[in-house]
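Here the structure is laid out as structure tokens; the discussion comes afterwards.
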Amino acid sequence: MTTSKAHSHPGDTGASVDLGRTEQKATIVASLLGGLAGAGLIYVAFKPLYLRYMALVLGIGPGSKTRGVIAFVSVAAFFGVLFGAFAARHGATVTRNFMAFAKSSGATRAVLGPLFKRAPLTTTTTLLGLVYGAVLGPLVGRIAVPALVLGATPFSYELPRNAPEPILGFLVFGGVLGFTYGRIVERGGSFPVGSGVLLGNRSIQALVFGPLVGAAAGAAVFLVLVPGHLASLALVVGVRPTPPRALAVWAVGSFVLSLLFAFTAARTVSKGDGYVKGVASAGFAYGVILAVGLGMLAVPHYTSQLTEWSIQVPNTNLGTIVGYIAYGTFLGAAYGSAKQSGSVLPRVVRDHPWAVAFSSLLGGFLGGSVVYQAAGHAQLLFYGSLVGYAGSVPRSWAVWMGLTLVLGVFYVRYVRPRDTSPGYLWRSTRRGLGYGFVVGVLVGLILVPALVSATTRFTLPVPYLNPLVLAGYTLFGGVVGAGFGASVEERGLAVGARKTKGVVFGSLLGGLLAGLFVHQLAGPVFIQFFGSLVEVAGSVAKSWAVWLIACLVFGAVFARITAGNLNGYVDSLETATETNPDLNAVLGGLMERAPVTTTAALMGVAYGAALAVVVGALALPLVVTAVTTFTFPVGYAMNLAYLTGFVLFGGLLGAGYGSMVEF
228 MTTSKAHSHP
238 GDTGASVDLG
248 RTEQKATIVA
258 SLLGGLAGAG
268 LIYVAFKPLY
278 LRYMALVLGI
288 GPGSKTRGVI
298 AFVSVAAFFG
308 VLFGAFAARH
318 GATVTRNFMA
328 FAKSSGATRA
338 VLGPLFKRAP
348 LTTTTTLLGL
358 VYGAVLGPLV
368 GRIAVPALVL
378 GATPFSYELP
388 RNAPEPILGF
398 LVFGGVLGFT
408 YGRIVERGGS
418 FPVGSGVLLG
428 NRSIQALVFG
438 PLVGAAAGAA
448 VFLVLVPGHL
458 ASLALVVGVR
468 PTPPRALAVW
478 AVGSFVLSLL
488 FAFTAARTVS
498 KGDGYVKGVA
508 SAGFAYGVIL
518 AVGLGMLAVP
528 HYTSQLTEWS
538 IQVPNTNLGT
548 IVGYIAYGTF
558 LGAAYGSAKQ
568 SGSVLPRVVR
578 DHPWAVAFSS
588 LLGGFLGGSV
598 VYQAAGHAQL
608 LFYGSLVGYA
618 GSVPRSWAVW
628 MGLTLVLGVF
638 YVRYVRPRDT
648 SPGYLWRSTR
658 RGLGYGFVVG
668 VLVGLILVPA
678 LVSATTRFTL
688 PVPYLNPLVL
698 AGYTLFGGVV
708 GAGFGASVEE
718 RGLAVGARKT
728 KGVVFGSLLG
738 GLLAGLFVHQ
748 LAGPVFIQFF
758 GSLVEVAGSV
768 AKSWAVWLIA
778 CLVFGAVFAR
788 ITAGNLNGYV
798 DSLETATETN
808 PDLNAVLGGL
818 MERAPVTTTA
828 ALMGVAYGAA
838 LAVVVGALAL
848 PLVVTAVTTF
858 TFPVGYAMNL
868 AYLTGFVLFG
878 GLLGAGYGSM
888 VEF
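In terms of this note's numbering, the sequence shown opens at residue 228 and continues consecutively.
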């Protein structure tokens, strides 16, 4: 094995290597279609009870088949993103290897040859998806879900543990995921259906994104200011006015209204530089017409005529008027943007999509944790109360995270520093901290308390002076500013760079598999010790979330330790492999094929061993015993499976990190 010390290794630079828009679209669509297909098979061939168990594990409530489907699709979306990242990075290499295998014998050439000749990438990703589903089926479907039901909920698992249907569900998910992903990427962003094209056509995209954005904006206003209007819409069409059914009626009705807008008012705007603003203005006028025609006249009239409710005509409720105007304006803006550029997002957001999404969600989680844990649980529940979910912590968290995502996009579009000269990271962080403080005052201390007092049974003073709420918003802003600034400068762990993707992929891969190892062999209590640090030890699912977050932190520290000297470590290991015959016999082939991945994996094993001693055997037991109501004796931490889990995590972290950096 010959090596030159002067050569450079993959990953020498932290340049951003984002997924292209086609790959992003393929990942999203394929994950959703695969998730729905897998959930449908389990629903029909097995029992809806399995899907309900998944909803229980994710904390979105028992007893609902719909929530079970949502839970399965959510899990599928998570694994679909991992699949999409791998396929985008390694798809070409794997395709070449599969094609070589297909030519290796007459049987494989006869079966796979025509498929590879016609659609090589689609064939490859379909096969990969089937393998992926075959792996996820036993790990997630048969092991993780039953274990989490028994450990994280008060319910027993009453389905056969060896039933094949969960494996088949994930197998179908993987196959549909792989086929759809390859099909869209191979067709350049379009998904053929028969002789037409679904997705890829900007008019179709406009008819999808415009109604979605408009309906969401209108629903948000109605839910906060006048939820009775959604109930009135449901009653008029003969549907029982429960919140989900009322929202479903609004979704269908708003889509019909959006079609009317697309084929009438939107066509009056000439295409050009001011097209988006023109369509947004047309949407505003359309919203005013709907506010008068529907909100003030038709809906209250027919509600009074067809139901026992009596509403004054004309209905001059300000919330109803604002809701329709918001619907029309957002419908027009999103429709025009999608038709002109193929996206509803501003260009600066499209240029840094991972930075905006990751920073906003991470900032939302950290800021929300301050609000939830330090300022009192009720502070976060107030956000859920605005949409009728005052007693639900998961739904209140969902409202909060949705708000922070919107605020993160707003920061990047309107508040970010425009000067991109050196030092941008620090300028963006300072701007983000100031932005978070201002938003905290305006939204957290004034707007939300005012809306809560006006629209719910709770009464709050305005302004509601809670310094920890302000601290949560300020932390959120700082994280968003820092994440976006790092992405622009492409330094350190910039979101979108190879190293960051390696950290996220390696940390989650290692955290998931090592966590399952510890959960099964050592017991769920060791995962729950992590949850006890933030007062959620009673929930195995929430403790798992804390464990995975801790794994991301461990991964970031690993990347920081190795980032500057990784190539030096590779050179040292190559030299040692050359000079030591025994070592060369074990590592020679691996170092030839993937020197960075092999080196990072070995460093990860050493790092995991250090974590086992420092964190697993010493720090965690001492901290849990000192700051929580639980006792974690150091002797109990000597459990071999528990400590081995840290070593396994480190090895998988290093392998995942190295593969993303190298390839």
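No residue lacks a Cβ here, since even glycine has one placed at the ideal position from N, Cα and C.
It should be emphasised that the depicted structure is a prediction, and the values quoted were computed from it without experimental measurement.
So the alpha helix (DSSP H) residue i belongs to, where does it begin and stop?
| i | result |
| --- | --- |
| proline 391 | Premise fails: proline 391 is in no alpha helix (DSSP H) and is neither H nor E. |
| serine 628 | Correcting the residue identity first, residue 628 is methionine in this sequence and not serine. Counting along the chain, the alpha helix (DSSP H) containing methionine 628 begins and ends at 620-637. |
| alanine 844 | Per DSSP, alanine 844 belongs to no alpha helix (DSSP H) and is neither H nor E. |
| tryptophan 536 | Premise fails: tryptophan 536 is in no alpha helix (DSSP H) and is neither H nor E. |
| isoleucine 552 | 545-568 |
| glycine 738 | 725-748 |
| leucine 829 | 822-838 |
| glycine 480 | 470-490 |
| glutamate 385 | Where glutamate 385 is concerned, there is no enclosing alpha helix (DSSP H), given that its DSSP letter is neither H nor E. |
| valine 494 | Sequence inspection shows arginine at residue 494; the valine mentioned does not correspond to that position. From DSSP, arginine 494 is part of no alpha helix (DSSP H); its letter is neither H nor E. |
| phenylalanine 711 | 694-716 |
| leucine 348 | 347-363 |
| serine 459 | 454-463 |
| valine 668 | Counting along the chain, valine 668 falls outside any alpha helix (DSSP H), and DSSP gives it neither H nor E. |
Mapping DSSP to helix, strand and coil, what is residue i?
| i | result |
| --- | --- |
| glycine 878 | helix |
| glutamate 762 | coil |
| proline 419 | Since pLDDT at proline 419 reaches only 49, below the 50 mark, its modelled position is unreliable, and the value read off the structure follows with that caveat. Three-state result, proline 419: strand. |
| leucine 593 | helix |
| glycine 504 | Note that residue 504 is lysine in the sequence shown here, rather than glycine. DSSP places lysine 504 in helix when its eight states are reduced to three. |
| asparagine 807 | coil |
| histidine 528 | helix |
| phenylalanine 857 | coil |
| proline 644 | coil |
| asparagine 542 | coil |
| tyrosine 610 | helix |
| asparagine 866 | coil |
| glycine 650 | coil |
| histidine 234 | Confidence at histidine 234 is low in this model, with a pLDDT of 38, below 50, so the placement of that residue should be treated as unreliable; the coordinate-derived value is given next. In the structure shown, histidine 234 sits in coil (DSSP, three-state: anything other than H, G, I, E or B). |
| arginine 369 | helix |
| arginine 414 | coil |
| threonine 686 | coil |
| asparagine 792 | coil |
| arginine 467 | coil |
| leucine 426 | Model confidence at leucine 426 stands at a pLDDT of 45, short of 50, so the residue's coordinates are unreliable and nothing is read from them. |
| phenylalanine 343 | helix |
| proline 438 | helix |
| phenylalanine 449 | helix |
| proline 676 | helix |
| phenylalanine 400 | helix |
Could you give the C-beta distance for residue i and residue j, rounded to a whole number, given that I count them as a contact under 8 Å?
| i | j | result |
| --- | --- | --- |
| glycine 441 | leucine 632 | About 18 Å separates the two Cβ atoms, so there is no contact after all. |
| leucine 743 | isoleucine 411 | Actually they are not in contact, since the Cβ atoms of leucine 743 and isoleucine 411 sit about 31 Å apart, beyond 8 Å. |
| glycine 663 | glycine 629 | Not really, about 17 Å apart at Cβ, beyond 8 Å. |
| threonine 556 | alanine 507 | 6 Å |
| glycine 261 | glycine 307 | 6 Å |
| glutamine 755 | serine 770 | 5 Å |
| threonine 806 | leucine 817 | Wrong, their Cβ atoms sit about 17 Å apart, outside the cutoff. |
| leucine 867 | glycine 835 | About 14 Å separates the two Cβ atoms, so there is no contact after all. |
| alanine 565 | alanine 433 | 4 Å |
| glycine 311 | threonine 254 | 3 Å |
| glycine 892 | glycine 635 | Because the chain here runs from 228 to 890, residue 892 falls outside it and cannot be looked at. |
Verify the CB distance criterion: does residue i have a CB-CB separation below 9 Å to chain D?
| i | result |
| --- | --- |
| valine 399 | Absence of chain D from the displayed structure is noted, only one protein chain being present. |
Exercise. Say whether the stretch 402-413 touches the stretch 509-527, bearing in mind that this needs 3 or more beta-carbon pairs closer than 8 Å, one atom from each stretch.
Key: Output reads no: the stretch 509-527 does not touch the stretch 402-413.
Quiz item: Hey, which unbroken runs of the alpha helix (DSSP H) at 4 residues or more fall wholly within the stretch 263-333?
Solution: If we require 4 residues or more, the alpha helix (DSSP H) runs fully inside the stretch 263-333 come out as 275-285, 292-329.
Practice problem: Could you tell me whether the stretch 726-744 touches the stretch 781-792, using the rule of 3 or more Cβ pairs below 8 Å? | Solution: yes
Practice problem: Kindly confirm or deny that the stretch 870-882 and the stretch 824-831 touch, where touching means at least three C-beta pairs closer than 8 Å. | Solution: yes
Quiz item: Would you say the stretch 434-453 touches the stretch 474-485, given that touching needs at least three Cβ pairs under 8 Å?
Solution: yes
Self-check item: Contact the stretch 316-336 vs the stretch 351-360: 3+ CB pairs below 8 Å
Solution: Segments in contact, yes.
Practice problem: Indicate whether the contact test is met: 3 or more Cβ pairs, each with one atom in the stretch 696-716 and one in the stretch 590-597, closer than 8 Å. | Solution: Taking a cut-off of 8 Å on C-beta distances, the stretch 696-716 touches the stretch 590-597, as three or more cross pairs fall below it.
Quiz prompt | Stretch-stretch touch, CB-based, cutoff 8 Å, three pairs: the stretch 536-556 with the stretch 448-461 | solution = yes
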